[in-house]
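Single-structure report; data block below.
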Amino acid sequence: MLRLLLLLALFWVIARVFWGFIEGVVRGASMPPTGGGRGSNSPRSPVKMQPCPVCGTYVVPGKAISTIKSGAPVHFCSEKCRSEYRS
Ligand SMILES: [Zn+2]
């Protein structure tokens, strides 16, 4: 009988710990820590890299050299690629 009570207590403790863990995971998933002050336009994907249309190097749009081509922004890895794209 004592063993059964101990087992029940153990299960209760495990359930409490497990539930706390699940709660923490859910809270972490629903509210991810956003990198403050990085100026990202989308909170879900902080850094969405785009390929340079000339050489294919992936660049971060916020830091890349960009130009507007028919209403849409195009991002380049370097000044050289931008001038090549224009010519
Ligand atoms: Zn390039």
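Numbering (our numbering), first residue to last: 30 to 116. Note that CB positions come from ideal geometry on N, CA and C, so glycine has one too.
Is S71 helix, strand or coil by DSSP? Sequence index remark: in the sequence shown, residue 71 carries index 42 (1-based). In this prediction, S71 has a pLDDT of 48, which is less than 50 and means its spatial position is unreliable; nothing more can be read from the coordinates.
Neighbourhood of S107 by C-beta, 7 Å cutoff - its chain only, sequence neighbours within 5 removed: As a working note, residue 107 is residue 78 in the sequence shown. Only I94 meet the Cβ criterion.
For the beta strand (DSSP E) that contains A101, what are its first and last residues? Taking the first residue of the sequence shown as 1, we reach residue 101 at position 72. For A101, the enclosing beta strand (DSSP E) has its first and last residue at 101-105.
Please classify F105 as buried or exposed, where buried requires at least 16 other C-beta atoms within 10 Å of its C-beta. Position 76 of the sequence shown, counted from the first residue, corresponds to residue 105. Buried, because 16 or more other Cβ atoms sit within 10 Å of the Cβ of F105.
Collapsed DSSP secondary structure at K109 in the structure displayed: As a first step, residue 109 must be located in the sequence shown, where it is residue number 80. In this structure, K109 counts as helix in the three-state DSSP scheme.
In terms of residue numbering, what span does the beta strand (DSSP E) encompassing S95 cover? In the sequence shown, counting from the first residue as 1, residue 95 sits at position 66. Start and end: 94-98.
Alpha-carbon to alpha-carbon, W41 and L35: Here residue 35 corresponds to residue number 6 of the sequence shown, with the count starting at 1. Here residue 41 corresponds to residue number 12 of the sequence shown, with the count starting at 1. Just so you know, the alpha carbons of L35 and W41 end up roughly 10 Å apart.
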